[in-house]
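Oh and the sequence shown: position 414 is 933 in the numbering used here, straight run, nothing missing.
Ideal placement from N, C-alpha and C gives every residue a C-beta, glycine not left out.
Source: prediction; values computed, not measured.
Accompanying notes for the structure given below.
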Amino acid sequence: MKKISIFILLMLSGTIGILHAQTLTLQDCIQKALRTHPDIKQFILQIRYSKKEINIAQADYLPQISLTAEYDPTRTYVMPANNMFHTRNSDGWQAGATLKQKIWDFSKTSSLIKSRETQEEIANLSLKDARALLAYKVKLQYELAFVQEKAIAVRKKDFQTKEELYEQAKALVAQGLKTSADATRFLSSTSVAKNNLSIAESNFTKAKTVLSLYIGEPVPQGVEFENHRLTPDIYLTNEETMLQNSPSLQSLQKNIEKSELLYKAAKASRYGSLDAVASYSYQDTLNAYNTTVIGVMLNIPLYSGGRLIAQEEQAIIDRESAKNEYEVKVLALKEEFESLLIDLKRYEQTIKAKSSQFKAATQTKNVINGRYQEGLATYIEVLDATALMLDAEIGLLQATYNKNSIIHRLEYLQGMTQ
520 MKKISIFILL MLSGTIGILH AQTLTLQDCI QKALRTHPDI KQFILQIRYS
570 KKEINIAQAD YLPQISLTAE YDPTRTYVMP ANNMFHTRNS DGWQAGATLK
620 QKIWDFSKTS SLIKSRETQE EIANLSLKDA RALLAYKVKL QYELAFVQEK
670 AIAVRKKDFQ TKEELYEQAK ALVAQGLKTS ADATRFLSST SVAKNNLSIA
720 ESNFTKAKTV LSLYIGEPVP QGVEFENHRL TPDIYLTNEE TMLQNSPSLQ
770 SLQKNIEKSE LLYKAAKASR YGSLDAVASY SYQDTLNAYN TTVIGVMLNI
820 PLYSGGRLIA QEEQAIIDRE SAKNEYEVKV LALKEEFESL LIDLKRYEQT
870 IKAKSSQFKA ATQTKNVING RYQEGLATYI EVLDATALML DAEIGLLQAT
920 YNKNSIIHRL EYLQGMTQ
């Protein structure tokens with residue numbers, strides 16, 4: 520008996536596990552997409568690349584040390600003596616080390632380092648925006664799959680209802696109670712219902728396929744999708760807060776800072792740099808000796824063919840372009856935000872209307888069902904009321920999806936992934 524109980528418990532726990540595995544949550548889809556999608560991996564690589572750019576720029580502040588060595592198996596040496604030149608062939612070698620340390624370059628290097636650090640911040644913000652955009656796309660496909668799955672069930676009922684209406688109409692035509700035109704009307708509505716069912720099935724398959732591409736694995740057959748009832752008040756904010764939280768806008772702000780730093784670096788290039796130099800070398804040719812140098816070197820570019828001036832002007836153009844790009848993005852975000860709020864209010868009213876319509880259609884169907892049981896209504900009236908109720912349910916599902924899509928878009932604009 521004990522063994523049987525254990526076996527039953529194992530079977531139950533296995534069944535529970537299977538049921539749990541058949542539910543694909545939205546958060547699971549988002550996390551899988553963020554882990555596996557190539558776009559996210561590409562932005563992560565850009566962050567790593569930006570870190571290396573910082574290391575390269577910082578290297579200019581560190582001592583630059585180089586070693587040199589040379590060996591000549593044979594070399595001709597020329598020596599003057601008694602107003603004549605004498606030559607001699609001999610071997611020789613030399614070796615040395617040179618150290619160069621930047622002392623001051625009018626903040627050129629520091630500006631370049633800061634610009635690279637700003638670029639890393641831009642890369643992080645770009646990653647945040649990419650993650651939010653991917654989450655937004657996953658949410659849309661997930662909710663579309665949920666809606667289309669429900670739509671399939673409704674469309675099947677609608678098709679069955681209208682098919683029954685058509686069969687009932689044919690029977691009435693045979694009895695002489697209806698004309699063939701009535702039967703044709705029901706046949707037409709049946710064909711439309713069948714086509715709507717086919718569209719819903721196609722949209723559901725398409726949504727699952729796209730979702731599987733986002734999460735990097737197939738969506739199992741028969742999987743269950745969660746129903747998310749979103750409250751817009753949680754996600755709504757004012758325009759100013761939306762602009763402050765927008766990763767794409769923050770990225771453009773950082774791009775302005777980067778352009779300003781690059782302009783400072785380009786401007787400082789015309790002044791040159793002051794470097795400390797030290798070197799030691801040992802030479803063994805005809806004579807053996809060593810040399811030591813310790814000093815300071817000032818390097819000022821006097822003429823570069825207009826290259827430095829052109830680079831400075833180019834940096835100015837980049838800075839102004841970054842500012843204009845920021846302003847354009849602000850206007851675009853404001854326009855989209857206001858449009859989304861208007862559409863959200865409209866869909867809230869649509870949902871209220873569709874809910875009332877669905878409620879009224881359901882009540883009408885119940886009343887007609889009661890009348891039918893009492894013999895006061897025909898079966899065609901019952902089927903007709905059922906069809907109206909199903910149409911209202913489809914409209915409510917679509918309006919809810921449209922509202923949720925707007926809320927998800929508002930989430931994306933603020934860089935939200937959950």
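Of all alpha-carbon atoms in Arg789, Glu736, Tyr891, the one lying nearest the alpha-carbon of Lys551 is that of Glu736. C-alpha of Ala712 to C-alpha of Glu720: approximately 12 angstroms in a straight line. With a contact defined as Cβ atoms closer than 8 angstroms, Gln876 and Ala911 qualify at about 5 angstroms. Three or more beta-carbon pairs separated by less than 8 angstroms link the region 605-617 to the region 796-812, which places the two stretches in contact. Burial state of Thr544 is exposed, judged by a 10 Å Cβ sphere holding fewer than 16 other Cβ atoms.
Between Gln577 and Ile632, the alpha-carbon positions lie close to 6 angstroms from each other. The region 698-747 is shown to contain whole alpha helix (DSSP H) runs of 4 or more residues at 699-734, in chain order. Of Arg826, Ile622, Thr593, Met598, the smallest CA-CA separation from Asn608 is found for Thr593.
Setting aside the 5 residues that flank it on each side, Pro582 is surrounded in the same chain by Leu618, Gln620, each with a C-beta closer than 6 angstroms to its C-beta; the list follows chain order.
Taken in chain order, the complete alpha helix (DSSP H) segments of 4 or more residues contained in the region 832-904 number zero; there are none. With respect to the 9 angstroms criterion, Ala642 and Tyr931 are not classified as neighbours on the basis of their beta carbons. Residue burial annotation: Arg826 is exposed, with fewer than 16 other C-beta atoms found within 10 angstroms of its C-beta. The straight-line gap separating the alpha-carbon atoms of Ala784 and Asp624 is approximately 10 angstroms. Closest by C-alpha distance to Asn921, out of Val666, Leu768, Glu686, is Val666. In this chain, the alpha helix (DSSP H) harbouring Ser778 covers 766-787. Tyr801 is bridged by DSSP to Ala614, Asn809. Nearest to Gln660 by C-alpha distance, out of Asp677, Phe723, Glu683, is Phe723. DSSP, read as helix, strand or coil, puts Ile622 in strand. For Ser823, the three-state secondary structure derived from DSSP is coil. Taking the C-beta atoms as reference points, Glu831 is found nearer than 9 angstroms to Arg789. Residue pairing from DSSP places Gly814 in a beta bridge opposite Val796.
For Tyr596, the enclosing beta strand (DSSP E) covers residues 583-600. Of the candidates Thr804, Val673, Leu644, Thr804 places its Cα closest to the Cα of Asp591. Inter-residue distance for Leu644 and Leu821 is about 41 angstroms (C-alpha atoms, whole angstroms).
The beta carbon of Ile861 is closer than 8 angstroms to none in its chain, skipping five residues each way along the sequence. Between Ile925 and Tyr866 a beta carbon distance of about 7 angstroms is seen, short of the 8 angstroms cut, so the two are scored as contacting.
Boundaries of the alpha helix (DSSP H) harbouring Asn574: 557-577, taken from the DSSP string. Secondary structure of Asn608 (DSSP, three-state): strand. The alpha-carbon separation between Arg838 and Ile622 amounts to approximately 28 angstroms. Within 10 angstroms of the beta-carbon of Asp903 lie 16 or more other beta-carbons, which makes it buried.
Collapsing the DSSP output to three states places Thr936 in coil. Thr544 sits in coil when the DSSP states are folded into three classes, being neither helix nor strand.
CA-CA distance, Glu639 to Asn809, rounds to 47 angstroms.
With a cut-off of 8 angstroms on Cβ pairs, the region 840-854 is in contact with the region 754-768, counting three or more such pairs. Residue burial is scored here from C-beta neighbours: Tyr580 has fewer than 16 other C-beta atoms within 10 angstroms and is therefore classed as exposed. Rounded to whole angstroms, the Cβ separation of Leu646 and Ile573 is 16 angstroms, and the two are not in contact under 8 angstroms.
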